[in-house]
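In what follows, a structure is listed as structure tokens, so that the remarks can point back to it.
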Ligand SMILES: [Zn+2]
Ligand SMILES: [Zn+2]
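Chains as they are written, first to last, in this note's numbering: chain A, 1 to 161; chain B, 1001 to 1343.
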């Protein structure tokens, strides 16, 4: 096997065969684990100097260092998120396009939400039925959607449930 | 009984036939409040978390197959069954129902990860069932959560909703018609991740492409569902078009390709996994297009599933060397290509 250096940083040994499709063609690169992981997640490369600097910063609860987090994109415990709040926000911004959890996202599960998804699904089936001129099925689907609307309206006026 | 005996079956979710969307999956990642993530836990903490979770999910997983993944052999085997990721840790407890549609992983990268997988385009069904299970689990656990980041996970790519929805697409038409460039340009704009058959980056092979949702901080799970549904639909339409183009404009070339793949599978004595995937997926394609003299798709699906290295080894001996596995694989395929089977 080759003992080459990573094609991105040129400093660490190449350990991973990284395959990408660029312009419809397969491109193979030999990368170190750190660069491969960061490339897979669309992050800019990490300098060796930067890694050394960050390894001094350590989470008091689990012992994970900031450089480990930057290299692996893995944190060690919930406290890491507080300890390295700023750095994690930066990483998340690059990884996910946003630095913190969107306030619009409501993860509470409810019947209302299930019904909204169900309605979306039935509407798509309805479009399909109309396209295929299956009017009997379309009528049935319209009834089902109407029932969901009724239930949603009822839940909306009775938000205790 | 050997640990792999309960896993002798080809999971029904892998038995999609005649479809462009081979399978769909919903996955939630959660951690228990007040504990370090598994990689940073000592043995005692690992054990206590394991017991706590098992106790709380015992009703959900009652009657499930279970095993502890404590060796590389087991890890590779379950990566091939699409239950684990390649970067999975050791000493993971795995629970799956007998069909392997539903699975729970304890103490991998995170305390708990569960997934629902179904054949064909069942995005709505896997979504609904996964959320139903989550609702049950939420009653049992306090999950680690912060107002700033949402659900806290070990990987920063899951932080937020901790939810991933994905579809495994079988798109040989796009690959053969060289429409990849166009389609990738289109997909790059969508908030999705493209992966190969086993979720890794280096394995876009066998004409499968896995597309998965991506933005766990900024997109709600219902938005994930709508978005992925649209992308799957667009990709399926392109695949249909590519298939029609191939059938009308390159019929002979297609026939040639299929016959060559069949001939190789029927006569090879040594076959790598990549090569088997390449040719078996061409046969799967031929079967979907209605070509004659091709094994039925169910048999091909099964051969694709069991040709993976650890699965070939599990039929024989886990000590086999790679070269020996390649020989066994060629034998296995030759022997079963036209034979109806019982799992
Ligand atoms: Zn590198
Ligand atoms: Zn920590």
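Here a beta-carbon is modelled for each residue, glycine too, at the ideal position from N, C-alpha and C.
Inset, instruction - Check the C-beta distance from residue 100/A over to residue 1029/B and give it rounded, since I have them as a contact under 8 Å. - result: Here residue 100/A corresponds to residue number 100 of the first chain, with the count starting at 1. Here residue 1029/B corresponds to residue number 29 of the second chain, with the count starting at 1. Not really, about 18 Å apart at Cβ, beyond 8 Å.
Inset, instruction - May I ask you to check if the CB of residue 12/A is nearer than 7 Å to at least one heavy atom of ligand 1? - result: Position 12 of the first chain holds residue 12/A. Yes, since a heavy atom of ligand 1 falls inside the 7 Å radius drawn around the Cβ of residue 12/A.
Legend entry - Range of the contiguous alpha helix (DSSP H) that encloses residue 1271/B: Position 271 of the second chain holds residue 1271/B. Membership of residue 1271/B in any alpha helix (DSSP H) is not indicated, and neither H nor E is assigned to it by DSSP.
Legend entry - Per-residue contacts from residue 121/A into chain B (C-beta, under 7 Å): As a position in the first chain, residue 121/A is number 121, starting the count at 1. Result: 1124.
Inset, instruction - Closer than 7 Å by beta-carbon distance: list the chain A residues that pair up with residue 1135/B, in chain order. - result: Translated into the one-based positions of the second chain, residue 1135/B becomes position 135. The answer, in chain order, is 109.
Inset, instruction - Confirm the yes/no value for this check: CB of residue 1184/B, any heavy atom of ligand 1, distance under 7 Å. - result: By 1-based counting over the second chain, the position of residue 1184/B is 184. No, ligand 1 has no heavy atom inside 7 Å of this Cβ.
Inset, instruction - Please confirm whether any heavy atom of ligand 1 lies closer than 7 Å to the CB of residue 31/A. - result: Taking the first residue of the first chain as 1, we reach residue 31/A at position 31. At least one heavy atom of ligand 1 sits closer than 7 Å to the Cβ of residue 31/A.
Inset, instruction - Please go through the region 1200-1286 of chain B and give each complete beta strand (DSSP E) segment of 3 or more residues, from N-terminal end onward. - result: Segments of the beta strand (DSSP E) lying fully in the region 1200-1286 of chain B: 1208-1213.
Inset, instruction - Can you give me the Cβ contacts of residue 1068/B inside the same chain, cut-off strictly under 6 Å, excluding the 5 residues immediately before and after it? - result: Residue numbering aside, residue 1068/B sits at position 68 when the second chain is read from its first letter. Exclusion of the five residues before and after residue 1068/B leaves 1093 as the residues of its chain whose Cβ lies within less than 6 Å of its Cβ.
Inset, instruction - Consider the Cβ of residue 1039/B: report whether some Cβ of chain A lies at a distance smaller than 8 Å. - result: Here residue 1039/B corresponds to residue number 39 of the second chain, with the count starting at 1. Residue 1039/B counts as touching chain A.
Inset, instruction - Taking residue 84/A as the reference, give the member of 104/A, 62/A, 152/A, 102/A with the closest Cα. - result: Locating residue 84/A in the first chain gives position 84, where the first residue counts as 1. Ranking 104/A, 62/A, 152/A, 102/A by Cα distance to residue 84/A puts 62/A first.
Legend entry - Stretch-stretch touch, CB-based, cutoff 8 Å, three pairs: the region 1052-1061 of chain B with the region 1075-1086 of chain B: The region 1052-1061 of chain B makes no contact with the region 1075-1086 of chain B: fewer than 3 CB pairs, one atom from each, lie closer than 8 Å.
Inset, instruction - May I ask you to report which of helix, strand or coil DSSP gives residue 1017/B? - result: On the second chain, residue 1017/B is found 17 positions in, with the first residue counted as 1. Coil.
Inset, instruction - With a threshold of 7 Å, establish whether the CB of residue 64/A neighbours any heavy atom of ligand 2. - result: Walking along the first chain from the start, residue 64/A turns up at place 64. Yes, Cβ of residue 64/A sits closer than 7 Å to a heavy atom of ligand 2.
Inset, instruction - Could you have a look at residue 1102/B and say whether DSSP puts it in helix, strand or coil? - result: On the second chain, position 102 is the one that residue 1102/B refers to. The answer is strand: DSSP assigns residue 1102/B an E or B state.
Inset, instruction - Select from 114/A, 143/A, 141/A the residue whose C-alpha is nearest the C-alpha of residue 155/A. - result: By one-based count along the first chain, residue 155/A stands at place 155. That would be 114/A, whose Cα lies nearest to the Cα of residue 155/A.
Legend entry - Option in 1163/B, 1013/B, 1077/B with minimal Cα separation from residue 106/A: Your numbering for residue 106/A matches position 106 in the first chain. When 1163/B, 1013/B, 1077/B are compared, the shortest CA-CA separation from residue 106/A is found for 1163/B.
Legend entry - Proximal chain A residues relative to residue 1029/B, where beta-carbon distance stays under 8 Å: As a working mapping, residue 1029/B is identified with position 29 in the second chain. Under a criterion of Cβ atoms nearer than 8 Å, no residue of chain A is adjacent to residue 1029/B; the nearest Cβ is some 12 Å distant.
Inset, instruction - Using 7 Å as the cut-off, classify the Cβ of residue 61/A as near or not near the heavy atoms of ligand 2, replying yes or no. - result: Reading the first chain from its first residue, position 61 is the one you call residue 61/A. A distance criterion of 7 Å places the beta-carbon of residue 61/A in contact range of ligand 2, judged by its closest non-hydrogen atom.
Legend entry - Contacts that residue 1170/B makes with chain A (C-beta to C-beta distance below 9 Å): Locating residue 1170/B in the second chain gives position 170, counting from the first residue. Neighbours of residue 1170/B in chain A, taken as residues whose beta carbon is under 9 Å from its own, are absent, since the nearest beta carbon is some 17 Å off.
Legend entry - Under 7 Å from the C-beta of residue 102/A: neighbouring residues of chain B: Residue 102/A sits at position 102 when you count from the first residue of the first chain. The contacting residues are 1217, 1218.
Inset, instruction - Classify residue 1039/B as helix, strand or coil using the three-state DSSP reduction. - result: The sequence position of residue 1039/B within the second chain is 39, counting from 1. Looking at residue 1039/B - three-state DSSP - the assignment turns out to be helix.
Inset, instruction - Between the Cα of residue 1008/B and those of 1310/B, 1333/B, 1168/B, 1327/B, spot the shortest distance and give me the residue it belongs to. - result: Start at 1 with the first residue of the second chain, and residue 1008/B comes out as number 8. It is 1310/B whose Cα lies nearest to the Cα of residue 1008/B.
Legend entry - Identity of the residue in 1072/B, 1040/B, 1076/B nearest residue 68/A by Cα: Along the first chain, read from residue 1 onward, the residue named residue 68/A stands at position 68. Comparing Cα positions, the closest option is 1040/B.
Inset, instruction - Return yes when the Cβ of residue 1127/B is within less than 8 Å of the Cβ of residue 1254/B, no when it is not. - result: Your numbering for residue 1254/B matches position 254 in the second chain. Your numbering for residue 1127/B matches position 127 in the second chain. Judged by beta-carbon spacing, residue 1127/B lies beyond the 8 Å limit of residue 1254/B, meaning their Cβ atoms are not closer than that value.
Inset, instruction - For residue 1053/B, verify whether its CB is less than 7 Å away from any heavy atom of ligand 1. - result: Indexing the second chain from 1 puts residue 1053/B at position 53. Distances taken from the Cβ of residue 1053/B to the heavy atoms of ligand 1 include none shorter than 7 Å.
Inset, instruction - Please work out which residues of its chain come closer than 6 Å, Cβ to Cβ, to residue 92/A, disregarding the five sequence neighbours upstream and downstream, and give them in chain order. - result: As a working note, residue 92/A is residue 92 in the first chain. Same-chain partners within the cutoff: 99.
Inset, instruction - Identify every residue that forms a DSSP beta bridge with residue 1066/B. - result: Locating residue 1066/B in the second chain gives position 66, counting from the first residue. Per DSSP, the beta-bridge partners of residue 1066/B are 1095/B.
Legend entry - Residues that DSSP places opposite residue 20/A in a beta bridge: As a working mapping, residue 20/A is identified with position 20 in the first chain. Paired residues: 27/A.
Legend entry - heavy atom of ligand 2 below 7 Å from residue 77/A C-beta: Stepping through the first chain from its first residue, residue 77/A is reached at position 77. True, at least one ligand heavy atom lies under 7 Å from that Cβ.
Legend entry - Near-chain B residues of the region 86-98 of chain A (beta-carbon distance less than 9 Å), N- to C-terminal order: Here the close residues are 88, 89, 91, 92, 95, 96, 97, 98.
Legend entry - Best match in 1036/B, 1015/B, 1209/B for proximity to residue 1143/B [C-alpha to C-alpha]: Here residue 1143/B refers to the residue found at position 143 when the second chain is read from its first residue. Distance check between residue 1143/B and each of 1036/B, 1015/B, 1209/B places 1036/B closest, using alpha-carbon atoms only.
Legend entry - For residue 1029/B, the residue or residues it bridges with in DSSP: Within the second chain, residue 1029/B is the residue found at index 29, counting from 1. Note: residue 1029/B is bridge-paired with 1113/B in the DSSP secondary-structure output.
Legend entry - Identified DSSP bridge partners for residue 1163/B: Counting from 1 along the second chain, the entry for residue 1163/B is found at position 163. BP columns for residue 1163/B point to 1028/B.
Inset, instruction - Indicate, with yes or no, if ligand 1 has a heavy atom lying under 7 Å from the CB of residue 80/A. - result: In the first chain, residue 80/A corresponds to position 80, counting from 1. The answer is no for residue 80/A.
Legend entry - For residue 1193/B and residue 1308/B, the rounded distance between their alpha carbons: Your numbering for residue 1308/B matches position 308 in the second chain. Your numbering for residue 1193/B matches position 193 in the second chain. Cα-Cα distance, rounded: 24 Å.
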